[in-house]
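The opening residue of the sequence shown carries number 939 in this note's numbering; numbering runs sequentially from there.
Think of the CB as a built atom: it goes at the ideal place given N, C-alpha and C, for glycine as much as any other residue.
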Amino acid sequence: MTENRKFDLREIFLAMHHIVKYRGNFLQDTPVKNFEASKIDVVSVLNSINEAFNNKADEACEKLELNLKNAHVVEEVIKGKDPDKTTYKKDKVKKIALLLPASTDKNAKNVSKQIANAIMGYKTQFETILAKEIDKSDKVRWELGKF
C-alpha cells in the first residue's frame, strides 16, 4: 500500500481474501479456546418465554410451558460442560430440545426444537413457536438465519 507501483492482481486478491477470512481476529488477544460464555441466565429466559406463552394463551390456543427444572442442565449443554461434553451445535440443539418441553405432546416438542434452534443460532421457524399459519410467500420474512 505504501509503494507507488503496480501490484499483481493475484497478490491483491490473496491479501483481500486473507483480510476477509480473518477479519476481527486482531481485536482480541485472547485465544478462542479460552472464551467462556459464563453469563448465561437460562432460568430468567425460560421464565420470560413461559410468561409470554401464558399471556398469549387463549381458549383457541393450548397452553405451552417450558421445563424450568432443566434450566441448569440446558445451561451446561450450551457451555459444553454437560456430562457428555457436547461440542457440536447440532448435538446441543437435540439435547436442548429434549430438555425444554414440560409435556410430551408433539406441539411442545416442535416448539422446543425451534427454541433450541434459536438459542444455538440456527434458522428458526417462528410461526411454529407462535402457532401462526402463514403463507409460503411470507415464510422468508419469518425466518432468521445467520447474519
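According to DSSP, is residue i helix, strand or coil?
i, result
"L984", "helix"
"T1024", "coil"
"T1062", "strand"
"K1017", "helix"
"A1069", "coil"
"N942", "coil"
"R948", "helix"
"D1076", "helix"
"F1085", "Bear in mind that a pLDDT of 45 at F1085, under 50, signals an unreliable position, so the model cannot answer this."
"D1029", "helix"
"I957", "helix"
"I1057", "helix"
Could you name the residues that DSSP lists as bridge partners for residue i?
i, result
"L1038", "For L1038, which the question treats as bridged, DSSP gives no partner whatsoever."
"L1004", "P1039"
Let me confirm a value: residue i is counted as buried when at least 16 other C-beta atoms fall within 10 Å, else exposed. Which label applies?
i, result
"A990", "exposed"
"A1035", "buried"
"K1084", "Its pLDDT being 49, under 50, K1084 is placed unreliably in this model, and the coordinates cannot settle the point."
"A953", "exposed"
"T1024", "buried"
"V980", "buried"
"P1039", "buried"
Round the Cβ separation of residue i and residue j to the nearest angstrom and send it over; I've been treating them as touching at under 8 Å.
i, j, result
"K1030", "V1015", "5 Å"
"A1056", "L1002", "Their Cβ separation, rounded to whole angstroms, is 15 Å, which puts A1056 and L1002 out of contact at 8 Å."
"I889", "K1017", "Absent from the model: residue 889. The displayed extent of the chain is 939 to 1085, so no value can be given."
"L1006", "L1037", "Incorrect: roughly 11 Å between the Cβ atoms, too far for contact."
"I1067", "I1053", "6 Å"
"V1011", "D1020", "7 Å"
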